[in-house]
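A short worksheet on the structure shown next.
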Amino acid sequence: MNTIQTQPYYEDWLKDLKNLLTIPSVRDDVLSSIDAPYGPGPKAALDFMMSIAERDGFKNIGTVGNRAGFIYIGPDNDTQPIGVIVHVDVVPVNDHDQWQTEPFTPTVKTDNHIYARGADDMKSAVMLTYYAIKAIQDAKIPLKHQIWFIIGTDEESEWADMHQYFSEEGPLHYGFSPDGSANLSYGEKGISQLDLFFDSSNSDDNPVQLLNFHSGTTTNVLPGFATATVAGIDVATLQPLYNHYLKESNLSGDISVVDDFVTLNLQGIATHAARPETGKNAATFLAHFLNNFDFSGNAAKFLQFIGQTLHEDPFGEKSGYGKAEPKLGKTSQNIGITDFVSTKIGHINLNFRYSLAFDETKTIEQILHHEPWLSKITRDPAGLTPHYVGQDNKLVTLLAQAYQSITGELPTQGVNGGASFGRLMPNGVGFGIIPTSEPSLAHQANESFNLDNYDTGMRLLIAEILALTNNL
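Each residue of the sequence shown is one higher than the last, beginning at 746 in this note's numbering.
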């Protein structure tokens, strides 16, 4: 067992973490460039990580196409390096009014949590991993295999950073991503993103009109806010019904009136698309309420589809789009983006985290059969197939034993609906450091990391990295 002390690193770790959390590393294609392919935020976060690696004397460091960074330690010319892959990009802040602190001003409160966008997903773990590797190097522990610490900047979007990294640096066969909770994920579901399009023009004479409906900006977040503007509905009738609905649903919202147009806002509960059952989708709740009124044409069909067929159906059991099987379990579905403008083409984005029983082509055919008002469905070619390592894999066993050596208990193990960079390796898993007893706040307002988890988290990472590099 290693005897590396973690407490001497705490103050430096916290200082570096705060600096990393201040960087709004959200992908911005409008400001992308050769120097910053995903915009200035992700590049600034990558540059910061490279700067502290240089500060701390790491020799084998570099970047690949301004998209990913690496820090290598251990024997040169190793033929079986161990990968530890993280990311410094974060999802956008679309619910700023729900935050109790500024999302990019890290704040430590009396509960000893540090609050900031990325504190949970996954900058705290990034910095813990960095300091674990620094501690291993400082202790001059002999390593059988080289450790490749890889830092991505596009995990929340298309993973193009990793595609370029591996095309230039070569493949990895073993490793893990310390992303998320301390659930040893020996399998990860596939990800399918479908974009549904339809004519949203109001072509009839019905006085009740849906003028616009918007919710969500990214596919991998269950939206916590939705807004719609309608005409032809008396606000005196609408207001008490809406107030009652919000109270019954334990949600908040408001109504505003400009001329004859009524705008309804609804605040749901945002969460990660991999766990739609833990949130309240603002889009489906708002559509569910609007189904009480006499819309017609595709406006009515749009509201019925997301407000009835897909409403409160996180596993696609009611809609029939979800499929389950023993290895990877249930398929989940997230309605990530909805856009309806009465003079344009409407759009709905569905994000499936799917099991081995799911068939993307058949699902598209099924949706079009049941919803013939849709004009077309396109699929995202960047989708991911399921990844299954299995509980008996040697890497899984070594990680579980390392975890037990620190905590005295075996970790929970299972299948994850999220997608970690662990799946980039044939023998790779996701295995975070946040206790499974703590709720995940990834992609949510008031995202935080419990600083009490520093010591155990860092000791876990040191033990796990050493277990793999010296026993595989």
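Ideal Cβ placement from N, Cα and C applies to all residues, glycine included.
With a cutoff of 8 Å on beta-carbon distance, A973 and A1027 are scored as not near each other. A Cβ-Cβ distance of about 58 Å is found for the pair S945 and S1150, leaving them out of contact under the 8 Å criterion. For Y910, the enclosing alpha helix (DSSP H) covers residues A905 to E914. Around the beta carbon of P1071, a 10 Å sphere encloses fewer than 16 other beta carbons of the protein chains shown; the residue is thus reported as exposed. In the three-state DSSP reduction, I895 falls in the strand class (E or B). Shown here, H1132 sits in a strand according to DSSP, grouped into three states.
Taking 8 Å as the cut-off, the Cβ atoms of P787 and T898 count as close. Between I896 and L1169 a beta carbon distance of about 13 Å is seen, past the 8 Å cut, so the two are scored as non-contacting.
Here P1131 is not near L1155, since their CB atoms are 8 Å or more apart. The region 948–1033 contains, as complete alpha helix (DSSP H) runs of 4+ residues, the segments 980–994 (chain order). The DSSP-derived three-state label of H1114 is helix. For the 8 Å CB-CB criterion, Y931 and N1138 form a contact. One thing to note: T1076 has its Cβ no nearer than 8 Å to the Cβ of F1050. In the structure shown, A813 adopts extended strand secondary structure according to DSSP, grouped into three states. P1184 sits exposed, since fewer than 16 C-beta atoms from the chains shown fall within 10 Å of its C-beta. Contact between I1178 and N1195 fails: their C-beta atoms lie close to 11 Å from each other, not under 8 Å. Of G1074, N1036 and T767, the smallest CA-CA separation from K868 is found for T767.
When Cβ pairs closer than 8 Å are counted between the two stretches, the region 769–788 is seen to touch the region 835–843, the count reaching three or more.
Excluding residues up to 5 positions away in sequence, I1093, L1119 and I1122 lie with their Cβ nearer than 6 Å to the Cβ of L941 in the same chain. Rounded to whole angstroms, the separation of the alpha carbons of D950 and A861 is 49 Å. Cβ atoms of D1200 and Q752 come within 8 Å of each other, at about 7 Å. Per DSSP, the continuous alpha helix (DSSP H) segment holding N1216 begins and ends at Y1199 to N1216.
Taking a cut-off of 8 Å for Cβ pairs, the region 1107–1115 and the region 985–1001 do not touch, as fewer than three such pairs fall below it.
Cβ contact annotation for K1046 (same chain, cutoff 6 Å, sequence separation greater than five): W1118, in chain order.
In the three-state DSSP reduction, Q752 falls in the helix class (H, G or I). A direct Cα-Cα distance of roughly 28 Å separates N1079 from S777. In the three-state scheme derived from DSSP, where H, G and I count as helix and E and B as strand, K1121 is classed as strand.
For T1152, the CB contacts under 8 Å within the same chain, skipping 5 residues up- and downstream, are T1201 and L1205 in chain order. Between F1097 and G1091, the C-beta gap is not smaller than 8 Å, which leaves the two residues out of contact.
Secondary structure note for Q1053: it is in no alpha helix (DSSP H), with a DSSP letter that is neither H nor E. Residue environment: E900 is assigned as buried (16 or more neighbouring CB atoms within 10 Å of its CB, all protein chains considered). Taking 8 Å as the cut-off, the Cβ atoms of T1108 and Y1066 count as close. K992 counts as exposed, since fewer than 16 other beta carbons sit within 10 angstroms of its beta carbon. Around Q825, the same chain offers H890 as residues with beta carbons nearer than 6 Å, after the five sequence neighbours per side are excluded.
Residue pairing of L941 in beta bridges, as defined by DSSP: I1093 and I1122. With a threshold of 16 other beta carbon atoms within 10 Å, K854 falls short and is exposed.
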